[in-house]
Amino acid sequence: IRLLKDTDGDGVYETASVFADGFNEPLDGTGAGVLAMEGTVWYTNIPHLWSFSTDDGIATSKTSLFGEVFGVRIALRGHDMHGLALGLDGRLYWSIGDRGYHIELENEAVMHSPGEGAVFRCELDGSNLEVFHHGLRNPQELAFDKYGNLFTGDNNSDSVDKARLVYCVEGGETGWRMEYQTLNGVNDRGPWVQENGWDPHSQNRPAWILPAVDIIGSGPSGLVAYPGAGFSERYQDHFFLCDFLGGAEHSNVLSFSVEPDGAHFKLVDLHTFAGKILCTDVDFSYDGKLVISDWGEGWTGNYEGRLYSVWDEEHRESGDVSGIFSEGFSNRTTDALVHFLSHADRRVRIRAQLALADRDVVNELKEALATENQIEKIHVMWTLAMLHRRGQSCMKFVAPLLDDADPEIRAQACKILGEASYTKSFTRIVELLQDPSARVSYFATMASGYLGNALDEIIAMLEQNDNTDVYLRHAAVVALSKTQYAASMANLQNHPSAAVRLAAVLVLRRMESRFLADYLSDEDDGVATEAARAIHDGRVESAMAILASSLDDARTIAWQKRAISANKMAHSCEESMRVAEFAADATKPESMRILAMQALRDWGPRRSAKRDIVEGRIVARRHSTFYCIEGIDEAIEELVSNAQGELLMETLRFANEQHLKIPEDVCSTLVLDESMPIQIRAYALQKSLGEELVEFALQSEHWQLRAVARDVLLERSNSTADGLLLDTVESGEIFEAQEAIKSLASKPSALSKIDKETLRVELQLEYAEVIPPADGIINEWLVVGGNSMHGKKVVFENSKSECLRCHTINDSGGIAGPSLDGVASRLDGEQLLNALLLPSAEVTEGFGAYSAMPPMGSLLSQREIRDVVAYLKTLTQAD
Numbered sequence: 002i003r004l005l006k007d008t009d010g011d012g013v014y015e016t017a018s019v020f021a022d023g024f025n026e027p028l029d030g031t032g033a034g035v036l037a038m039e040g041t042v043w044y045t046n047i048p049h050l051w052s053f054s055t056d057d058g059i060a061t062s063k064t065s066l067f068g069e070v071f072g073v074r075i076a077l078r079g080h081d082m083h084g085l086a087l088g089l090d091g092r093l094y095w096s097i098g099d100r101g102y103h104i105e106l107e108n109e110a111v112m113h114s115p116g117e118g119a120v121f122r123c124e125l126d127g128s129n130l131e132v133f134h135h136g137l138r139n140p141q142e143l144a145f146d147k148y149g150n151l152f153t154g155d156n157n158s159d160s161v162d163k164a165r166l167v168y169c170v171e172g173g174e175t176g177w178r179m180e181y182q183t184l185n186g187v188n189d190r191g192p193w194v195q196e197n198g199w200d201p202h203s204q205n206r207p208a209w210i211l212p213a214v215d216i217i218g219s220g221p222s223g224l225v226a227y228p229g230a231g232f233s234e235r236y237q238d239h240f241f242l243c244d245f246l247g248g249a250e251h252s253n254v255l256s257f258s259v260e261p262d263g264a265h266f267k268l269v270d271l272h273t274f275a276g277k278i279l280c281t282d283v284d285f286s287y288d289g290k291l292v293i294s295d296w297g298e299g300w301t302g303n304y305e306g307r308l309y310s311v312w313d314e315e316h317r318e319s320g321d322v323s324g325i326f327s328e329g330f331s332n333r334t335t336d337a338l339v340h341f342l343s344h345a346d347r348r349v350r351i352r353a354q355l356a357l358a359d360r361d362v363v364n365e366l367k368e369a370l371a372t373e374n375q376i377e378k379i380h381v382m383w384t385l386a387m388l389h390r391r392g393q394s395c396m397k398f399v400a401p402l403l404d405d406a407d408p409e410i411r412a413q414a415c416k417i418l419g420e421a422s423y424t425k426s427f428t429r430i431v432e433l434l435q436d437p438s439a440r441v442s443y444f445a446t447m448a449s450g451y452l453g454n455a456l457d458e459i460i461a462m463l464e465q466n467d468n469t470d471v472y473l474r475h476a477a478v479v480a481l482s483k484t485q486y487a488a489s490m491a492n493l494q495n496h497p498s499a500a501v502r503l504a505a506v507l508v509l510r511r512m513e514s515r516f517l518a519d520y521l522s523d524e525d526d527g528v529a530t531e532a533a534r535a536i537h538d539g540r541v542e543s544a545m546a547i548l549a550s551s552l553d554d555a556r557t558i559a560w561q562k563r564a565i566s567a568n569k570m571a572h573s574c575e576e577s578m579r580v581a582e583f584a585a586d587a588t589k590p591e592s593m594r595i596l597a598m599q600a601l602r603d604w605g606p607r608r609s610a611k612r613d614i615v616e617g618r619i620v621a622r623r624h625s626t627f628y629c630i631e632g633i634d635e636a637i638e639e640l641v642s643n644a645q646g647e648l649l650m651e652t653l654r655f656a657n658e659q660h661l662k663i664p665e666d667v668c669s670t671l672v673l674d675e676s677m678p679i680q681i682r683a684y685a686l687q688k689s690l691g692e693e694l695v696e697f698a699l700q701s702e703h704w705q706l707r708a709v710a711r712d713v714l715l716e717r718s719n720s721t722a723d724g725l726l727l728d729t730v731e732s733g734e735i736f737e738a739q740e741a742i743k744s745l746a747s748k749p750s751a752l753s754k755i756d757k758e759t760l761r762v763e764l765q766l767e768y769a770e771v772i773p774p775a776d777g778i779i780n781e782w783l784v785v786g787g788n789s790m791h792g793k794k795v796v797f798e799n800s801k802s803e804c805l806r807c808h809t810i811n812d813s814g815g816i817a818g819p820s821l822d823g824v825a826s827r828l829d830g831e832q833l834l835n836a837l838l839l840p841s842a843e844v845t846e847g848f849g850a851y852s853a854m855p856p857m858g859s860l861l862s863q864r865e866i867r868d869v870v871a872y873l874k875t876l877t878q879a880d
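Numbering (the numbering used here), first residue to last: 2 to 880.
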């Protein structure tokens, strides 16, 4: 941690000294958050939250507030702990990426979630630790608006999802799990993408996920709220966000504001404030300037980081509070501190609030509540809340504000009185569930959960809301979850309102209740599906068997996926028969029938590490038994005879893996059927015993069939195999010849007959992989001979190269690098290869002096690189 000093007040830091160091233990991650105040410095350095006492800029003591409890698993670089912020309620807030946490509290309670990011809060001394909001991916920074609403920017997962601005609320759940990062292909990012969990505008998003405010930027990093003075009037109630994209050319400081939208918010006035700077953080100094940290270049930095200051000369003086902070707050009079509660700068207000909370000033604050200044009144209320948490009796002065004419005052009063468990206000707060202001209703509902049983009133609010405001529903769910009346939620399954029944499911989800199973029979698809999600994703073991048995009745894709997965996790004969019958049912969705067959293929003991087919989590096998082949053979025979496409392919693979004989007439039909996908015809040929089919395939116009036929002859030690393979190397189609070389790898004598000097360049890489050349691989071999379809799969799905993290193809991907649409019209094959192997050798104009892209030679195999080049060659159209 470095301490910078501006000794002469000219706005430039002349000295930099080490405040504290030694954070280099094996578990220590990136130090990514620091907050200094009144002789204390807090520092987020995963796995610790450190607290230092200071004396004249020197650390005098060092304490880990909670020990090594954060970051219990490995995730992506930078998904560490950060975001230290002082809440306007006087608490300490910070964030963590999706490396998770495991915290054992003194009361034997455990906070445990090893795969999600979260926002925590506690008192300044580390007491009363809470998980405030969770289900985040990598929330870098936190910022509060003037009313104490908390916001963060959360990053996308380098798939089709976008970065988002998140409104963080008590008990909030955003839906991300670290396992999703590992899922590609048809289940890309799991429910996060497949069920629109990330999308704030989707109408089909799972009900348990709170929507973000909106999409914002591509790499949200630093975030700060305008303190209230120093810039023009336009920036009142605005935020400033660093959008970090790995290169300065397209990275910016964005500015925006939010406006109420029911109990939620909407994004307004989003614009670029400062462009072309690789910014990681942004904050306001006490002299009325905005300070921006510049990373330098690239994703990993170049050790040339800088700090810049930006100011508005016309208004800067109004934002200069350096004199106030130099003098401090602890020695000021109570009257002066109360006066500061209406100061234009929010930082002055909160520091005055903290100083007042250290004194016995209840009577003075009671008088201050008479102010007509809204902001001052709110800070007085927050100060009283702090005094209450420190043992003083003062909530009776806040309670009358439940009847204030200002809805914001009513909302704040509800929040404070609820958290204070001031039960004398229960009756009035319950009445405010029907307040015309959605924000008041939200906080009244939340407060009721602290104060008593308002079940009937909350149900009435839910029915009236009818799922229109998901944040009001969230408040109801949190409040009802505090009652722990699971039986009451179960009794709601016959309520006429689907909105009420849905809320009941969400409450039972939080309770991990067996009563969730009762809602699988709900007539509303949304309610039943949400119950299936809750049982499966929450691993509610007492209801899992009922979820498995609901497979045939499952009416939505999300439900069917989880029912298949529940059967797979049970891993017994009954469940395998159920899944096989589902796969054979032609009335079910094709994609789910394929998934069912894939589940059966993964059922067996040969695959020791089992991942659930929805979220990608490793699951333990419940039983040692394998499935009963005699119980599912009828379904498999039906599929082999009547299935088509990928479903048939999965069935054939299953039959092969289980050593089930495919009837010769079926093999013959599949091989001879020109309408069948070539992959299926080739597979059936492999399983055929008929010599006539092999002869037919050798004469086929499809090289895949010819290649399989030669391999069949080779496997049967047919004397003609070597000659056929060598002839193919000499004059066959390129892909066919490549396969022939790989087949000859087992026949050194035949392989020696290949003339390397006359071998086509498209085949040199395959030959070199069999007989490594003394001079190594030549780049020329990587420019031609690649398979564009395989290359496309690498570009879109490979987790090592992460091409779409920075590049766009057909409107999918990031913008840190140039679009790949039409790249083949701009670069030839050799240039494309060089761009992959030496990305910094030549950087596209408009994307800075350095490339943030790592050399692909260290991440991909040579064959993968050749395939990527082949795919990029197909991108000839700019649009």
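The beta carbon of each residue, even a glycine, is placed where N, CA and C say it ideally should be.
Review point. If residue 99 and residue 118 are in contact, beta carbons under 8 Å, what's the gap, nearest whole angstrom?
Key: Start at 1 with the first residue of the sequence shown, and residue 99 comes out as number 98. Start at 1 with the first residue of the sequence shown, and residue 118 comes out as number 117. Rounded, the Cβ-Cβ distance is 5 Å, consistent with contact.
Check your understanding: The beta strand (DSSP E) spanning residue 97 covers which residue range?
Key -> Indexing the sequence shown from 1 puts residue 97 at position 96. Its beta strand (DSSP E) spans residues 93-97.
Check your understanding: How would you label residue 359, buried or exposed, when you count the other beta carbons within 10 angstroms and need 16 or more for buried?
Key -> Position 358 of the sequence shown holds residue 359. Label assigned to residue 359: exposed.
Exercise for review: Reducing DSSP to helix, strand and coil, say where residue 625 ends up.
Suggested key: Working through the sequence shown from its first residue, we reach residue 625 at position 624. Note that residue 625 has pLDDT 47, beneath the 50 cutoff, so the model's placement of it is unreliable and the number below is only indicative. Three-state result, residue 625: coil.
Review point. Mapping DSSP to helix, strand and coil, what is residue 173?
Key: Here the question's residue 173 lines up with position 172 in the sequence shown. DSSP places residue 173 in strand when its eight states are reduced to three.
Review point. What are the complete alpha helix (DSSP H) segments, minimum 4 residues, inside the region 638-682?
Key: 646-658, 665-673
**Study point:** Cβ-based burial, residue 698 [other Cβ within 10 Å; buried from 16]
**Key:** Taking the first residue of the sequence shown as 1, we reach residue 698 at position 697. By the 10 Å Cβ count, residue 698 comes out buried.
Review point. So residue 261 is in the beta strand (DSSP E); what residue range does that whole segment cover?
Key: Residue mapping note: residue 261 aligns to position 260 of the sequence shown, counting from 1. Element bounds for residue 261: 253-262.
Check your understanding: Any chance the region 273-289 sits against the region 221-233, with 3 or more Cβ pairs inside 8 Å?
Key -> yes
Check your understanding: If you drop the 5 nearest sequence neighbours on each side, which residues of the same chain put their C-beta closer than 6 Å to that of residue 451?
Key -> The count along the sequence shown starts at 1 and reaches residue 451 at position 450. Only 419, 422 meet the Cβ criterion.
Review point. From this set, 542, 498, 496, 691, which residue's C-alpha is nearest residue 517's C-alpha?
Key: By one-based count along the sequence shown, residue 517 stands at place 516. It is 542 whose Cα lies nearest to the Cα of residue 517.
Point to revise | Residues of its chain near residue 625, where Cβ-Cβ distance is below 6 Å and the 5 sequence neighbours each way are ignored | key: Taking the sequence shown and counting its residues from 1, the one referred to as residue 625 is at position 624. Low local confidence applies: a pLDDT of 47 at residue 625 is under 50, so the model's placement there is unreliable, and no value is given.
Review point. Around the C-beta of residue 304, are 16 or more other C-beta atoms found within 10 angstroms, so that it is buried, or is it exposed?
Key: As a first step, residue 304 must be located in the sequence shown, where it is residue number 303. It is exposed - the Cβ of residue 304 has fewer than 16 other Cβ atoms within 10 Å.
Practice item. Out of 369, 363, 332, 345, state which residue places its alpha-carbon closest to the alpha-carbon of residue 356. Key: In the sequence shown, the residue the question calls residue 356 occupies position 355. Looking at the Cα atoms, 332 is the closest of the given residues.
**Study point:** Residues that residue 282 bridges to, as DSSP identifies them
**Key:** Within the sequence shown, the letter at position 281 stands for residue 282. According to DSSP, which records beta bridges pairwise, residue 282 is partnered with 294.
Check your understanding: Are residue 448 and residue 434 touching if we call contact CB-CB under 7 Å?
Key -> The residue you call residue 448 lines up with position 447 of the sequence shown. The residue you call residue 434 lines up with position 433 of the sequence shown. In this structure, residue 434 does not lie closer than 7 Å to residue 448 by Cβ.
Practice item. Express the C-alpha separation of residue 655 and residue 539 in angstroms, rounding to a whole number. Key: Counted from its first residue, the sequence shown places residue 539 at position 538. Counted from its first residue, the sequence shown places residue 655 at position 654. Their backbone Cα atoms lie some 30 Å apart in a straight line.
Point to revise | Rounded separation between residue 719 and residue 595 - CA only | key: As a first step, residue 719 must be located in the sequence shown, where it is residue number 718. As a first step, residue 595 must be located in the sequence shown, where it is residue number 594. Taking the straight line from one Cα to the other gives about 37 Å.
Review point. What are the uninterrupted segments assigned as alpha helix (DSSP H) that are 4 or more residues long and contained completely in the region 377-440, given in chain order?
Key: 408-420, 427-432
Practice item. Out of 95, 143, 179, state which residue places its alpha-carbon closest to the alpha-carbon of residue 1. Key: A question about residue 1 goes unanswered here, because the residues of the chain that appear run from 2 up to 880.
Check your understanding: Using a Cβ-Cβ distance under 7 Å, would residue 108 count as near chain C?
Key -> This model lacks chain C altogether, as it is built from one protein chain only.
Practice item. Out of 550, 342, 47, 381, state which residue places its alpha-carbon closest to the alpha-carbon of residue 69. Key: The count along the sequence shown starts at 1 and reaches residue 69 at position 68. The residue with the shortest Cα to Cα distance from residue 69 is 47.
**Study point:** Cβ shell of residue 807 (< 6 Å), same chain only, five flanking positions each side left out
**Key:** Counting from 1 along the sequence shown, the entry for residue 807 is found at position 806. The residues are 815, 817, 818.
Point to revise | Coil, strand or helix - residue 163 by DSSP | key: Within the sequence shown, residue 163 is the residue found at index 162, counting from 1. Reduced to three states, the DSSP call for residue 163 is coil.
**Study point:** Buried or exposed (CB count within 10 angstroms, at least 16 for buried), residue 202
**Key:** Against the sequence shown, residue 202 aligns to sequence position 201. Exposed, since its Cβ has fewer than 16 Cβ neighbours within 10 Å.
Review point. So which of 330, 291, 300 has the shortest CA-CA distance to residue 314?
Key: In the sequence shown, residue 314 corresponds to position 313, counting from 1. Out of 330, 291, 300, 291 has the C-alpha closest to the C-alpha of residue 314.
Practice item. Would you give the residue range spanned by the beta strand (DSSP E) that residue 64 belongs to? Key: Position 63 of the sequence shown, counting from 1, holds the residue named residue 64. 59-65 is the extent of the beta strand (DSSP E) around residue 64.
**Study point:** the region 374-384 touching the region 242-260, judged by at least three CB pairs closer than 8 Å
**Key:** Flag = no, the region 374-384 and the region 242-260 do not touch.
**Study point:** residue 854 (DSSP reduced to helix, strand or coil)
**Key:** Position 853 of the sequence shown, counting from 1, holds the residue named residue 854. Correct three-state label for residue 854: coil.
Point to revise | residue 330, DSSP secondary structure in three states | key: Along the sequence shown, one-based indexing puts residue 330 at 329. It is coil, neither helix nor strand.
Review point. Nearest-angstrom Cα distance between residue 148 and residue 489?
Key: The residue given as residue 148 occupies position 147 in the sequence shown. The residue given as residue 489 occupies position 488 in the sequence shown. One C-alpha to the other measures close to 35 Å.
**Study point:** N-terminal and C-terminal residue of the alpha helix (DSSP H) that residue 537 is part of
**Key:** Residue mapping note: residue 537 aligns to position 536 of the sequence shown, counting from 1. Residues 526-538.
Check your understanding: What is the DSSP secondary structure of residue 778, counted as helix, strand or coil?
Key -> For this step, residue 778 is matched to residue 777 along the sequence shown. If DSSP states are grouped into helix, strand and coil, residue 778 belongs with coil.
Check your understanding: Could you give the residue range of the beta strand (DSSP E) that holds residue 322?
Key -> To locate residue 322, count along the sequence shown from 1; it is residue 321. Counting along the chain, residue 322 falls outside any beta strand (DSSP E), and DSSP gives it neither H nor E.
Exercise for review: Look at the Cβ atom of residue 242, then the Cβ atom of residue 221, and state whether they are nearer than 7 Å.
Suggested key: What you label residue 242 is simply residue 241 of the sequence shown in a count that begins at 1. What you label residue 221 is simply residue 220 of the sequence shown in a count that begins at 1. Against a cut-off of 7 Å, the Cβ pair of residue 221 and residue 242 comes out as a contact.
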